[in-house]
Amino acid sequence: MNWYEDSIFYELYPRAFCDSDGDGRGDLLGIRQKLDYLQWLGVDVVWLLPIGDSPLRDDGYDVRSYYQLHPDFGTIESFRMLVDEVHARGMKLLIDLVVNHTSDEHAWFKEARRSKDSPYRDYYVWSDTPDKYPEVRIIFIDTETSNWTYDEGSGQYYWHRFFSSQPDLNYDNPKVQEEMFRALAYWCELGADAFRLDACPYLFERDGTNGESLPETHDFLKKMRAFLDTNYPGTVLLGEANQMPEDLLPYFSDGDEMQMSFNFIVMPQIYLSLKRQDHTPLMRVVRDTPPLPEGCQWATFLRNHDELTLEMVTPEVRQEMWEHYSPYMNQRINLGIRRRLAPLMDGDLRRVAMLYSLLLTLPGAPVLYYGDEIGMGDDVSLPDRNGVRTPMQWDDGPNAGFSTAPASKLYAPVIASADYNPAKVNVAAQMADPNSLLHTIRKMVLARKQVSGLAHGAVEWLPNAPKPVVAFTRSDGSFMLLALHNLSGDEQMVTLPPGSWRDVFDATQTAAGSFTLGAYEWRWMVAE
Ligand code: GLC
Numbered sequence: 002m003n004w005y006e007d008s009i010f011y012e013l014y015p016r017a018f019c020d021s022d023g024d025g026r027g028d029l030l031g032i033r034q035k036l037d038y039l040q041w042l043g044v045d046v047v048w049l050l051p052i053g054d055s056p057l058r059d060d061g062y063d064v065r066s067y068y069q070l071h072p073d074f075g076t077i078e079s080f081r082m083l084v085d086e087v088h089a090r091g092m093k094l095l096i097d098l099v100v101n102h103t104s105d106e107h108a109w110f111k112e113a114r115r116s117k118d119s120p121y122r123d124y125y126v127w128s129d130t131p132d133k134y135p136e137v138r139i140i141f142i143d144t145e146t147s148n149w150t151y152d153e154g155s156g157q158y159y160w161h162r163f164f165s166s167q168p169d170l171n172y173d174n175p176k177v178q179e180e181m182f183r184a185l186a187y188w189c190e191l192g193a194d195a196f197r198l199d200a201c202p203y204l205f206e207r208d209g210t211n212g213e214s215l216p217e218t219h220d221f222l223k224k225m226r227a228f229l230d231t232n233y234p235g236t237v238l239l240g241e242a243n244q245m246p247e248d249l250l251p252y253f254s255d256g257d258e259m260q261m262s263f264n265f266i267v268m269p270q271i272y273l274s275l276k277r278q279d280h281t282p283l284m285r286v287v288r289d290t291p292p293l294p295e296g297c298q299w300a301t302f303l304r305n306h307d308e309l310t311l312e313m314v315t316p317e318v319r320q321e322m323w324e325h326y327s328p329y330m331n332q333r334i335n336l337g338i339r340r341r342l343a344p345l346m347d348g349d350l351r352r353v354a355m356l357y358s359l360l361l362t363l364p365g366a367p368v369l370y371y372g373d374e375i376g377m378g379d380d381v382s383l384p385d386r387n388g389v390r391t392p393m394q395w396d397d398g399p400n401a402g403f404s405t406a407p408a409s410k411l412y413a414p415v416i417a418s419a420d421y422n423p424a425k426v427n428v429a430a431q432m433a434d435p436n437s438l439l440h441t442i443r444k445m446v447l448a449r450k451q452v453s454g455l456a457h458g459a460v461e462w463l464p465n466a467p468k469p470v471v472a473f474t475r476s477d478g479s480f481m482l483l484a485l486h487n488l489s490g491d492e493q494m495v496t497l498p499p500g501s502w503r504d505v506f507d508a509t510q511t512a513a514g515s516f517t518l519g520a521y522e523w524r525w526m527v528a529e
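Here our numbering = 1-based position in the sequence shown + 1.
See below:
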């Protein structure tokens, strides 16, 4: 099996993790200092959100340079030092590559908008009218009213799928395609092991289509893969394709496109099942997911740096989830919910741990979001999605141990709420407490590494499990794990399959027959 198929990924927002030089903003050398922690937690792959130069109107997803680092993060030398240390520990580094668009401050766009005759004009998508491609949806519906913005200087509209400050690149131009190969090569040479391809479904536009997952886009992604296979074999592409199942699966193609794709289909169904205390939505979606081609894998996740997206559920389900998980309007954004995992669970760490147990036992390679392993809170008073990107809470000292700068200099305030401030939630305290959420998650992560077959093994649902219980076995022929989860706050009775079952964590033996699960309890058992 390839390394990425059974790895534990950790998504980290570099500005938030650790500030090594006291300027109030996290940096690459800060991350390097914290690799001991990540290794202790059992992380195999460190995923860095964008570190390139950027005016930061979309936190680095507005690219000003594909090569220069944003000065906040350090220098290319710091990147090298980080990557070396990651590799020295047997870990891998995944970085974001924003393929769809740049910032309007990128030199290409500045040059392109200078005049219609600029050699860079064709790097972007222009039109005399804002009426082209009317079938294409607007993604950032809270901020944008059109995917076209008028450029006064040159008298045409430019195309953008996201903020108007992020013009889309024109992939019909072979030079743009070459630029991306160049960027891939640059970061591979520097040691990147994998790339998250940001917003990859939207690379091409065609009349009469919604501009998503077009054949041309797949062709280009396959070219990227072929480029890597030829020049940097083993380098992995992880796609951010927030698409319906029938459109998501083709990103794996015949195993010759992306090796990995985020599982945007399973994620919302986990929350829906929990809300309804009914395993049916989750069971259905897992059951309906076809097997992947050889060498491909899902990246599964509970939360990330964006809103909890509800784009891929029906309007009725979206409303149901919004009402339950984001009762206040300021907790919502676009078609999603801008909250972290622990607050979504009303601070109930039993539920948080139970969801982690699901994440770590369902098929796929799990991606943890920084801070969620200690149950960090969020701050909806901050704009956009910034409320889930606050400084990591290392201890209960000044600035939660994140930075030595004066608090007023921090890029964002440390969470100060009564339930989630650093005195209540921090790494040091949880490391010292064997019963903490952090230890519980670590225990699961380490146990997962001992159990074969969790990455791809078959899922069998326990027949007759009560609705509030998610109960399945995972097996790869040689091994069988039984995972039980109680989605409800009431005791539930399940019937264990024939055989003798040993608890993975406390080694207690249970025979087949009735077994009682406490409120939100989860169990991992292996067949003896
Ligand atoms: C991706 C990123 C998101 C960003 C968007 C536009 O969806 O995850 O944070 O705003 O792309 O670049």
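Virtual Cβ for every residue (Gly too), placed ideally from N, Cα, C.
Predicted, not measured: the structure shown is a model, and the values here were computed from it.
Bounds of any beta strand (DSSP E) do not take in ASN3, whose DSSP letter is neither H nor E.
The secondary-structure analysis by DSSP pairs HIS486 across a beta bridge with VAL471 and TRP523. In summary, TRP109 is buried, with 16 or more beta-carbon neighbours lying within 10 Å of its beta-carbon over all protein chains present.
Remark: the shortest separation between the CB of HIS306 and any heavy atom of the ligand GLC falls under 7 Å. Taking all protein chains in view, the Cβ of TRP41 is surrounded by fewer than 16 other Cβ atoms within 10 Å, so the residue is classified as exposed.
LEU363 places its beta carbon less than 8 Å from that of THR301. Judged by pairs of C-beta atoms under 8 Å, the stretch 478-495 touches the stretch 515-523, as three or more such pairs exist. At a Cβ-Cβ threshold of 8 Å, LEU273 and PRO282 count as neighbours.
If you draw a straight line from the Cα of LYS224 to the Cα of ASN148, it is about 27 Å long. Secondary structure at HIS71: coil, using DSSP grouped into helix, strand and coil.
Boundaries around ASP230 are those of the alpha helix (DSSP H), 216-232, since no beta strand (DSSP E) includes it.
Note on the stretch 112-184: whole beta strand (DSSP E) runs with a minimum of 3 residues are 149-152 and 157-160, in chain order. Exclusion of the five residues before and after GLN278 leaves LYS468, PRO469, LEU488 and SER489 as the residues of its chain whose Cβ lies within less than 8 Å of its Cβ. Taking all protein chains in view, the Cβ of PRO392 is crowded by 16 or more other Cβ atoms within 10 Å, so the residue is classified as buried.
The beta carbon of GLU295 lies closer than 7 Å to those of GLY256 in the same chain, with the five residues before and after it left out. For THR496, the enclosing beta strand (DSSP E) covers residues 493-504. According to DSSP, TRP299 shares a beta bridge with SER262. Here TYR357 is not near ASN305, since their CB atoms are 8 Å or more apart. ASP230 is classed as exposed because its beta carbon has fewer than 16 other beta carbons within 10 Å across all chains shown.
Non-local beta-carbon contacts of ASP397 in its own chain, meaning distances under 8 Å to residues more than five positions away in sequence, involve PRO423, ALA424, ASN427, ALA429 and ALA430 in chain order. Per DSSP, TRP323 lies in no beta strand (DSSP E) segment; the continuous alpha helix (DSSP H) that holds it begins and ends at 316-326.
Apart from sequence neighbours up to five positions away, the residues of its chain that approach MET346 with a beta-carbon distance below 6 Å are ARG352 and VAL353, ordered along the chain. Remark: fewer than three beta-carbon pairs, one from each stretch, lie closer than 8 Å, so the stretch 459-478 and the stretch 370-388 are not flagged as touching. For PHE10, the distance from the CB to the nearest heavy atom of the ligand GLC is not below 7 Å.
If the five residues before and after ASP434 are omitted, its C-beta is found closer than 8 Å to the C-beta atoms of HIS440, all from its own chain and listed in chain order. Between the ligand GLC and GLU145, a heavy atom-to-CB distance of less than 7 Å is absent.
Taking a C-beta distance under 8 Å as the contact criterion, GLN244 and GLU213 qualify as a contact pair. Annotation: the continuous beta strand (DSSP E) that includes TRP48 extends over 46-49.
For TRP395, no alpha helix (DSSP H) encloses it, and the DSSP letter there is neither H nor E. By the Cβ neighbour-count rule, ARG285 is exposed, with fewer than 16 other Cβ atoms within 10 Å of its own.
For LEU36, same chain residues with a beta-carbon under 7 Å away, outside a window of 5 residues either side, are GLU86, VAL87 and ARG90 in chain order. Residue environment analysis places GLU258 among the buried positions, since at least 16 neighbouring C-beta atoms fall within 10 angstroms of its C-beta. Across the structure, GLU145 and MET181 are spaced so that their CA atoms are roughly 27 Å apart.
When the beta-carbon positions are compared, ARG197 and LEU95 come within less than 8 Å of each other.
The three-state reading of DSSP puts GLY31 in helix, counting H, G and I together. Relative to the Cα of PHE164, the nearest Cα in the group VAL47, ASN335, ASP97 and LEU29 belongs to ASN335.
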